[in-house]
Amino acid sequence: MRIVSLLPSSTEIVCKLGFCKNLVGVSHECDYPVSVKDLPILTKPRFSPINSSQEIDISVQDLLKKGLSVYEVNTDLLKKLAPDLIITQAQCEACAVSLNDVKEAVSDWVGNKPDIVSLEPNYLDEVWSDFERVGKKLNCTDSYLKFKSEIEQRLEKLKQKSQQLIKRPSVVCVEWIDPLMIAANWVPELVDIAGGINLLSKPGSNSHIFKWEEIIESNPEFIIMMPCGFDINRTLEEIEILKQKPDWSKLEAVKSNHVFVVDGNQYFNRPGPRLIESAEILFEIFNFNEKIVKAHENSWIRLEE
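Per the numbering used here, the very first residue in the sequence shown carries number 70; after that it's consecutive.
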């Protein structure tokens with residue numbers, strides 16, 4: 070089977086299920102496992118990803134208002150690769166190539182058209198269910214069941230450890246800096262599993278813009294910076310935007326030096342197999358002062374004031 074994956078998360082799912090060798094094309098954002106970087110790239114954004122958060126948001130919103138796709142699909146290359154299966158998404162037009170983009174790209178194909186699977190998870194269980202859906206398409210139920218067992222064991226182990234916390238800290242997870250957006254979808258569930266109390270957003274809901282005054286009013290004990298598509302260094306380039314906000318220094322998280330930056334792009338923003346690592350990262354952060362094994366400490370930093 071020839072597979073095209075137009076999502077970083079689905080690329081990881083395909084590889085986790087043992088079908089990395091079947092991938093013939095990926096999106097411009099697919100970067101894990103490292104081997105997929107050598108595959109033909111089928112997409113590109115219609116905005117500059119090196120721009121600031123505010124500039125990116127303005128560009129994306131302008132494209133959406135005009136009814137234009139945020140990403141371009143190389144239709145000629147896609148046709149040349151002749152995939153049997155294309156995996157895309159219908160969750161967020163601003164985040165990746167959409168289902169409509171893919172349907173349009175193959176609309177004029179003559180003969181057998183590829184099977185298209187569209188992923189749209191909002192809750193953690195739906196992320197794991199997507200594994201099952203892809204597994205069935207690839208006829209590899211055994212691989213899926215093995216992964217499911219591994220995830221269940223790691224989640225149960227993490228839940229048992231988090232239940233031993235003396236106090237569950239209140240947490241705000243920032244998904245975009247300018248405008249300010251709070252992470253939702255599966256992130257509140259990850260916070261809960263890791264032993265925290267998520268503020269301002271609910272499981273399964275879409276992320277949306279918040280006023281700075283709402284952050285001040287919630288006064289979290291921990292702030293986790295996880296901007297969508299940003300690694301740690303990219304986030305640090307824009308952290309001053311928040312530091313210059315009124316009463317930043319009065320926030321409990323800031324006064325306690327409990328502001329942390331994680332690699333949102335590789336972990337939290339990507340609804341794939343490494344969401345379990347995302348929960349483990351949060352547990353390490355909530356217990357950064359404790360003598361515990363920190364297997365992911367290179368994936369987060371504490372912001373020193």
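We put the beta carbon where it would ideally sit given N, CA and C, even for glycine.
When the Cβ atoms of the stretch 254-269 are set against those of the stretch 348-357, are three or more pairs found closer than 8 angstroms?
Touching, yes.
Contact set for residue 292: own chain, Cβ-Cβ below 6 angstroms, skip 5 residues either direction
Locating residue 292 in the sequence shown gives position 223, counting from the first residue. For residue 292, where only same-chain residues beyond five positions count, the Cβ hits under 6 angstroms are 241, 322 and 328.
Assigned secondary structure, residue 246 (DSSP; H/G/I helix, E/B strand, else coil):
Along the sequence shown, one-based indexing puts residue 246 at 177. Three-state result, residue 246: coil.
For residue 114, collect the residues of the same chain with a Cβ closer than 6 angstroms to its Cβ; drop the 5 residues on either side in sequence, then sort them by chain order.
As a first step, residue 114 is located in the sequence shown; it is residue number 45 there, counting from the start. The residues are 140.
What would DSSP say about residue 204, mapped onto helix, strand or coil?
Residue 204 sits at position 135 when you count from the first residue of the sequence shown. Judged by DSSP in its simplified three-state form, residue 204 adopts helix.
Which whole-angstrom value describes the C-beta separation of residue 359 and residue 325, a residue pair presumed to lie in contact below a C-beta threshold of 8 angstroms?
The residue you call residue 359 lines up with position 290 of the sequence shown. The residue you call residue 325 lines up with position 256 of the sequence shown. Cβ-Cβ separation between residue 359 and residue 325: approximately 15 angstroms, too far for a contact (criterion under 8 angstroms).
Considering only the alpha carbon of each residue, which of 224, 286, 109 and 309 lies closest to residue 294?
As a position in the sequence shown, residue 294 is number 225, starting the count at 1. Closest option to residue 294, judged by alpha-carbon separation, among 224, 286, 109 and 309: 309.
In angstroms, rounded to a whole number, what distance separates the CA positions of residue 257 and residue 180?
For this step, residue 257 is matched to residue 188 along the sequence shown. For this step, residue 180 is matched to residue 111 along the sequence shown. Rounded to the nearest angstrom, the two C-alpha atoms are 45 angstroms apart.
Starting from the C-beta of residue 86, find all residues in its chain whose C-beta is less than 8 angstroms away, skip the five residues before and the five after it, and write them out in chain order.
Taking the sequence shown and counting its residues from 1, the one referred to as residue 86 is at position 17. The beta carbon of residue 86 sits closer than 8 angstroms to the beta carbons of 200, 203, 204, 207, 209, 212, 213 and 216 from its chain, once the five residues preceding and following it are set aside; these are given in chain order.
Coil, strand or helix - residue 255 by DSSP
Position 186 of the sequence shown, counted from the first residue, corresponds to residue 255. If DSSP states are grouped into helix, strand and coil, residue 255 belongs with coil.
Opening and closing residue of the alpha helix (DSSP H) in which residue 192 lies
On the sequence shown, position 123 is the one that residue 192 refers to. From DSSP, residue 192 is part of no alpha helix (DSSP H); its letter is neither H nor E.
Taking just the CA atoms, how far does residue 76 sit from residue 255?
For the purposes of this step, residue 255 is identified with residue 186 of the sequence shown, where counting begins at 1. For the purposes of this step, residue 76 is identified with residue 7 of the sequence shown, where counting begins at 1. Each residue's alpha carbon lies about 17 angstroms from the other.
Curious, which full-length alpha helix (DSSP H) runs of at least 4 residues does the stretch 251-318 contain?
The DSSP assignment places complete alpha helix (DSSP H) segments of no fewer than 4 residues inside the stretch 251-318 at 256-263, 281-287, 301-305 and 308-312, in order along the chain.
Please go through the stretch 130-174 and give each complete beta strand (DSSP E) segment of 3 or more residues, from N-terminal end onward.
Inside the stretch 130-174, DSSP marks whole beta strand (DSSP E) runs of 3 or more residues at positions 140-142 and 154-158, from first to last along the chain.
Distance check for residue 243 and residue 282, CA to CA, integer angstroms please.
Sequence index remark: in the sequence shown, residue 282 carries index 213 (1-based). Sequence index remark: in the sequence shown, residue 243 carries index 174 (1-based). One Cα belongs to residue 282, the other to residue 243, and the distance between them is close to 14 angstroms.
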